[in-house]
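Numbering (the working numbering), first residue to last: 7 to 382. Below is one structure, written out as structure tokens, with a few remarks after it.
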């Protein structure tokens, strides 16, 4: 932990990037196949603590103040990005809608951890950070639900008509949120009797994993369950010392999970596969950035002028739409019998690698050029 902390403080670029690169290089070794955990295990181990910590520490006042751009980007923007990216790769690759929609669902969720680390270091506007983080909190769950629907359709187990698909989407999301609210409410009741801040920290950890596992057992959204539980607990009343201890506990848990997760993500990026599929991967990267750019530009233009992010902010919203662990885990969980599985995995790995390494490492110069740092 100490070594990672020192690295985090000294490296000029986000510490996640060298971890991903190191993991990708380790993936070239023969031990790669043995070192890779199943995608479902990646989601189960890492997503609950990372998502809970983000929601626990999220400034709900900023969420309320910026709810319009957050909801537009997280809901409409995620669906639009998935659809636009799918249309793009269908035209560029010449594949069917099943594979195209699967790719759109896989890459529509953003992973802003590296971007937010840069924001904190250079003093970027807090409101802009809130929009990016708020969007990510919600769109992870939407991406996973979309992926489940499209994967079922591609394997012949879909819900049928578009209306039935919509109903399934709503029910999975609603049941997940209900599980999270129930877990959060139960945890709140127990917290009132707790006398030690560390017991409270342990209870919140149980709420994170319990809400996720409970929702998954009901075939609902575990991500929305964790989000609902964390936001409910975040909004509750806590003793000042307890909140400090719990916040410190989650900060350490999240950092440890981040270090391990980004190495795992790097291991999942098969550089040899990307090299073999370099042309479709390049086209997929272009389609991903283009879809993000169109979605951000079109949706932000719908907001009233006083609430509309500036052009400089919109540039950051587009360039800061990095992809990460959720995308890789979804791609690797594709059915083995799916004909286009290798291409989809290669394209996803390429998008994740380029957006993280290029987008993450150039974010600070971009913020400086746009005069969005505390020194500007």
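Beta carbons: idealized from backbone N, C-alpha and C, even for Gly.
Would residue 142 be called buried (16 or more neighbouring beta carbons within 10 Å of its own) or exposed?
-> Counting from 1 along the chain shown, the entry for residue 142 is found at position 136. Counting Cβ neighbours within 10 Å, residue 142 comes out buried, since at least 16 surround it.
Counting along the chain, where does the alpha helix (DSSP H) carrying residue 390 start and finish?
-> Residue 390 is absent from the structure shown; the chain starts at 7 and stops at 382.
Go through its chain and collect everything with a Cβ distance to residue 123's Cβ below 6 Å, but skip five positions before and after it.
-> What you label residue 123 is simply residue 117 of the chain shown in a count that begins at 1. Same-chain partners within the cutoff: 20.
Count the other CB atoms within 10 Å of the CB of residue 327; is the residue buried (16 or more) or exposed (fewer)?
-> On the chain shown, position 321 is the one that residue 327 refers to. By the neighbour-count rule (16 or more Cβ atoms within 10 Å), residue 327 is buried.
Using three-state DSSP, classify residue 16 as helix, strand or coil.
-> Position 10 of the chain shown, counted from the first residue, corresponds to residue 16. Because the pLDDT of residue 16 is 45, which lies under 50, any placement of that residue in the model is unreliable, and the question is left without a value.
State the start and end residues of the unbroken alpha helix (DSSP H) segment that holds residue 54.
-> Stepping through the chain shown from its first residue, residue 54 is reached at position 48. Counting along the chain, the alpha helix (DSSP H) containing residue 54 begins and ends at 45-63.
Nearest-angstrom Cα distance between residue 116 and residue 67?
-> The residue labelled residue 116 in the question sits at position 110 within the chain shown. The residue labelled residue 67 in the question sits at position 61 within the chain shown. Answer to the nearest angstrom: the Cα atoms are 22 Å apart.
In angstroms with no decimal places, state the Cα-to-Cα distance between residue 155 and residue 94.
-> The sequence position of residue 155 within the chain shown is 149, counting from 1. The sequence position of residue 94 within the chain shown is 88, counting from 1. Going from the Cα of residue 155 to the Cα of residue 94 covers about 20 Å.
Could you pull out every residue in the same chain whose Cβ sits closer than 7 Å to the Cβ of residue 293, ignoring the five residues on either side in sequence?
-> As a working mapping, residue 293 is identified with position 287 in the chain shown. Result list for residue 293: 91, 94, 95 and 98, in chain order.
Taking Cβ to Cβ, would you say residue 325 is nearer than 8 Å to residue 369?
-> On the chain shown, residue 325 is found 319 positions in, with the first residue counted as 1. On the chain shown, residue 369 is found 363 positions in, with the first residue counted as 1. The answer is yes: Cβ separation under 8 Å.
What is the DSSP secondary structure of residue 346, counted as helix, strand or coil?
-> In the chain shown, counting from the first residue as 1, residue 346 sits at position 340. It is coil, neither helix nor strand.
Just mark residue 120 as buried or exposed, buried being the case when its beta carbon has 16 or more other beta carbons within 10 Å.
-> In the chain shown, counting from the first residue as 1, residue 120 sits at position 114. Under this definition residue 120 is a buried residue.
Closest by CA to residue 350, which one among 371, 305, 287 and 304?
-> Locating residue 350 in the chain shown gives position 344, counting from the first residue. Out of 371, 305, 287 and 304, 287 has the C-alpha closest to the C-alpha of residue 350.
Local Cβ density within 10 Å of residue 118, reported as buried at 16 or more and exposed below that | In the chain shown, residue 118 corresponds to position 112, counting from 1. Looking at its Cβ environment, which holds 16 or more other Cβ atoms inside 10 Å, residue 118 is buried.
Given that a residue counts as buried once 16 or more other Cβ atoms are within 10 Å of its Cβ, and exposed if not, what is residue 100?
-> Locating residue 100 in the chain shown gives position 94, where the first residue counts as 1. By the 16-neighbour rule on beta-carbons within 10 angstroms, residue 100 is exposed.
Put residue 366 into one of helix, strand or coil per three-state DSSP.
-> Taking the chain shown and counting its residues from 1, the one referred to as residue 366 is at position 360. Helix.
So residue 359 packs on residue 275, CB below 8 Å; how close in whole Å?
-> Residue numbering aside, residue 359 sits at position 353 when the chain shown is read from its first letter. Residue numbering aside, residue 275 sits at position 269 when the chain shown is read from its first letter. The beta-carbon separation of residue 359 and residue 275, rounded to 5 Å, stays under the 8 Å limit for a contact.
Rounded to whole angstroms, what's the CA-CA distance from residue 235 to residue 283? Just pull it up for me.
-> On the chain shown, residue 235 is found 229 positions in, with the first residue counted as 1. On the chain shown, residue 283 is found 277 positions in, with the first residue counted as 1. So the two alpha carbons sit approximately 41 Å from each other.
Inter-residue CB distance, residue 176 and residue 227 (contact presumed, cutoff 8 Å) | Your numbering for residue 176 matches position 170 in the chain shown. Your numbering for residue 227 matches position 221 in the chain shown. Contact flag wrong, Cβ pair sits at about 11 Å.
Leaving out five residues before and five after residue 107 in sequence, what residues of the same chain have Cβ atoms less than 7 Å from its Cβ?
-> Translated into the one-based positions of the chain shown, residue 107 becomes position 101. Closer than 7 Å at the Cβ level, and outside the excluded window around residue 107, lie 92 and 156.
Stretch-stretch touch, CB-based, cutoff 8 Å, three pairs: the segment 44-60 with the segment 76-83 = Two segments are said to touch when three or more pairs of C-beta atoms, one from each, lie closer than 8 Å; by this definition the segment 44-60 does not touch the segment 76-83.
If we ignore side chains and look at the alpha-carbon of each, how far apart do residue 365 and residue 114 end up?
-> Walking along the chain shown from the start, residue 365 turns up at place 359. Walking along the chain shown from the start, residue 114 turns up at place 108. Approximately 16 Å between the Cα atoms of the pair.
When DSSP labels each residue in this structure, what does residue 312 get in the three-state scheme?
-> Against the chain shown, residue 312 aligns to sequence position 306. If DSSP states are grouped into helix, strand and coil, residue 312 belongs with the helices.
How would you write the range of the alpha helix (DSSP H) that residue 210 sits in, first residue to last?
-> What you label residue 210 is simply residue 204 of the chain shown in a count that begins at 1. Run containing residue 210: 203-223, per the alpha helix (DSSP H) assignment.
Residues in its own chain within less than 7 Å of residue 260 by CB, not counting five upstream and five downstream?
-> If you number the chain shown from 1, residue 260 lands on position 254. Answer for residue 260: 55, 56 and 59, listed in chain order.
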